[in-house]
Every structure is written in C-alpha cells, then in structure tokens.
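Residue numbers (this note's numbering): 589 to 889.
A virtual CB, placed ideally from N, CA and C, is assigned to each residue, including glycine.
These numbers were taken from a predicted model, which means no experiment stands behind them.
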Ligand code: UTP
C-alpha cells in the first residue's frame, strides 16, 4: 500500500442514498439528510465539518428522492432576489455565502441502496487515487474541534485508515461495527488505537471489544479495489466495514466530543436539544420551555 501520510485530505464522500425508513413518514418525500437540527439540515453540518478539516471537493452519493440536497447546494434565485430587495442581509448570507466554488460540489447516483460500502464504491471514479474522507451526516459530533479535523490531525501523524470510534455498552455491539484492538501496537497519540480487524454488528458475547465505529472515516483509495469484489454481509448489504477490515494500517480515533445518532428518533431529538442549548440566542428560552414540558409531562415534579 502506498503511504499517503502527508497527503492532504481534499475530498469527502457523503453517502446519502439510504431510504431513511426510521423517519417515515417524514422521509416519504424528503431526504433524511435534510432533516433540520435546530435550523440547519444534517447534511449542512456534515459539509461544514468537512470544510473545517480542509476538504475542497464534496462528493454526494445520492439516490431517488434526494433532489432537495442538490438544491441546498445551489443558489435559490427567487428567494435571494426577494431578500435582496428587502435588504435582509443576514438571511441572504445564510442562503448562499457558504456555497463552495462552482465545480466543487459533485453528485453521483447510487441507483439501488445496496449498502454503505456500495454507496462509497459509487464515488470511486470521482475520488481517484488519493486518500479521502467519508462522513455520514446522520452521525453528529458536538465537539470543540470538529471531529474530522481532529482525525485529519491524527492522519497527518500516522497515515493509513482512520475510523472515528467511541466506547459503547457491550449490550449494544450488535448495532455497530466493532474494532478488534491490536494491543501490540501503541500509537504515540493517546486517542489512536491500532486495529487488527473489524467486525460488523457482532453479538455482545462475540464482540472483540466495545469500541464502536461511527460515521467518520479517512480511507486509502485501495478500499475501492476491495469494494469491487465485496460480497453482501450483515443485513444483506455491502458493508464498508467488511472492506476496511481487509486493509492494512487501520486505526480507531477516540474523538473528543459527544456523538448523536441522528439516524434514530431519540438521538435526533436529543441532538436538537443539545445543539439548541449550545446557541447563546436560544439557550435561555429553550431551558425554560424544556422545564415546562418536563413538568407538564410529569417527568419532573
Ligand atoms: P443507515 O443505516 O442509517 O440507513 O445508513 P438509512 O437507509 O439511511 O436509514 P434507515 O435505517 O432506513 O432509517 C447510514 C448512512 O449510509 C447511507 C445513508 O444515507 C446514511 O447516511 N446509505 C446507506 C447509502 O448512501 N446507501 C445505502 O445503500 C445505504
């Protein structure tokens, strides 16, 4: 395997081709990734995180029913002209000031949702022969330094393949990809853990550890060659974890921050509360309203 240790991560892949069935009926005509946490869609947070890590090209692997994501990364002339005419400068900025340079937002279609591994593979021609990041927008990380930026720092030290990881209760291992830790290798960065393997969704008694993979990856392009031949795994889907497990130089990175699983209903609600509480303009009022809700619903006496 080539060492891309000092190569900057210029490209990020955002797999957004899933069906989002846990959010039906909301996701009947709207992509899950456009669900807002406070006032920004999930995909916008993912985009900002990639940008903060130095990413320049944003590759979205979409499916049917995902047009709203394309539109989100474009101008919206009618609204912009009305806002301009009314001199609403702040609102105008929110619609377009953050748009990447033309040509740096790229969409590719996953015709069938055959799994995360398949979605990433669909981006192979656009990524080419360089290391790249993968961000799952429905995993949010609230942290001081954006999660992918933390991982890019670790990548600059060790190269290889770096996966965002966190400790979970053993009873939950069947819901995650789990790291098989290599105790013999001790990376200098205390947040890094060397892995000798990965197991997708193992039963608690079979799990090699309780270190679970979240939706943040820095990967070498060799993963595409492995995905070429990857057979369906857990859930009949082509699993990204299974392909990474066959690679060399795999590390878990215990990021600083709190992860919210916005692919689940409760995680999504929790993220809305947590992100609202981070906002100076909302915090006070939200606390008051939450208190009132907890009292009215009998949770708080
Ligand atoms: P999930 O496992 O959360 O699946 O995918 P999902 O379809 O989005 O949601 P549910 O389980 O039906 O509610 C994790 C990420 O991988 C993407 C999803 O869009 C999501 O960002 N994905 C999954 C794809 O892009 N393609 C796939 O074939 C599967």
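- Boundaries for residue 835: no alpha helix (DSSP H) harbours it, and the DSSP string shows neither H nor E there.
- What you get when you keep residues with a C-beta closer than 7 Å to any heavy atom of the ligand UTP is 603, 604, 605, 606, 607, 608, 609, 610, 611, 620, 621, 649, 651, 698, 701, 702, 703, 704, 706, 707, 724, 725, 726, 803, 825, 851.
- In this model, residue 860 and residue 625 are separated by some 5 Å (Cα to Cα).
- Here the stretch 597-611 lies against the stretch 642-654, with 3 or more beta-carbon pairs under 8 Å apart.
- For residue 728, the enclosing beta strand (DSSP E) starts and ends at 727-730.
- Counting only residues of its own chain and dropping the five nearest sequence neighbours on each side, residue 710 has a CB closer than 6 Å to the CB of 649, 696, 698.
- Short of 8 Å from the beta carbon of residue 660, and not among the five residues preceding or following it, lie these beta carbons of its own chain, in chain order: 622, 629, 631, 632.
- Checking the DSSP bridge columns, you'll see residue 666 has no partner listed.
- Counting only runs that start and end inside the stretch 594-645, the alpha helix (DSSP H) elements of at least 4 residues fall at 630-640.
- The Cβ atoms of residue 723 and residue 601 lie closer than 9 Å to each other.
- Shortest Cα-Cα distance from residue 717 to any of 636, 701, 598, 790 involves 598.
- In this structure, DSSP gives residue 846 an extended state, which the three-state scheme calls strand.
- Note that the stretch 865-878 does not touch the stretch 765-782; fewer than 3 beta-carbon pairs, one per stretch, sit closer than 8 Å.
- Under the Cβ criterion (8 Å, minimum of three pairs), the stretch 871-884 does not count as touching the stretch 816-829.
- If one requires a minimum length of 3 residues, the beta strand (DSSP E) runs lying completely within the stretch 705-775 are 720-723, 727-730, 749-755, 765-769, in chain order.
- Look at residue 826 here: in three-state DSSP terms it is coil, with no helix or strand label.
- By the criterion of a C-beta distance shorter than 7 Å, residue 644 is surrounded in its chain by 598, 692, once the five residues flanking it on both sides are discounted.
- For residue 649, the beta-bridge partners assigned by DSSP are 603, 696.
- Beta bridge pairing from DSSP links residue 804 with 723.
- DSSP, read as helix, strand or coil, puts residue 682 in helix.
- The stretch 674-689 makes no contact with the stretch 773-788, as fewer than three CB pairs between them are under 8 Å.
- If you compare the alpha carbons of 713, 799, 620 with that of residue 856, the shortest gap goes to 620.
- The way I'd put it, the stretch 832-845 does touch the stretch 748-759; three or more beta-carbon pairs between them come closer than 8 Å.
- By the Cβ test, the stretch 719-737 is not in contact with the stretch 671-681, since fewer than three Cβ pairs between them sit closer than 8 Å.
- Assignment of beta-bridge partners to residue 841 by DSSP yields 752, 780.
- Counting only residues of its own chain and dropping the five nearest sequence neighbours on each side, residue 714 has a CB closer than 7 Å to the CB of 647, 694, 696.
- Under the three-state reduction of DSSP output, residue 687 falls in the coil class, being neither helix nor strand.
- Ranked by Cα distance from residue 799, the first of 638, 779, 808 is 779.
- Residue 721 places its beta carbon less than 9 Å from that of residue 804.
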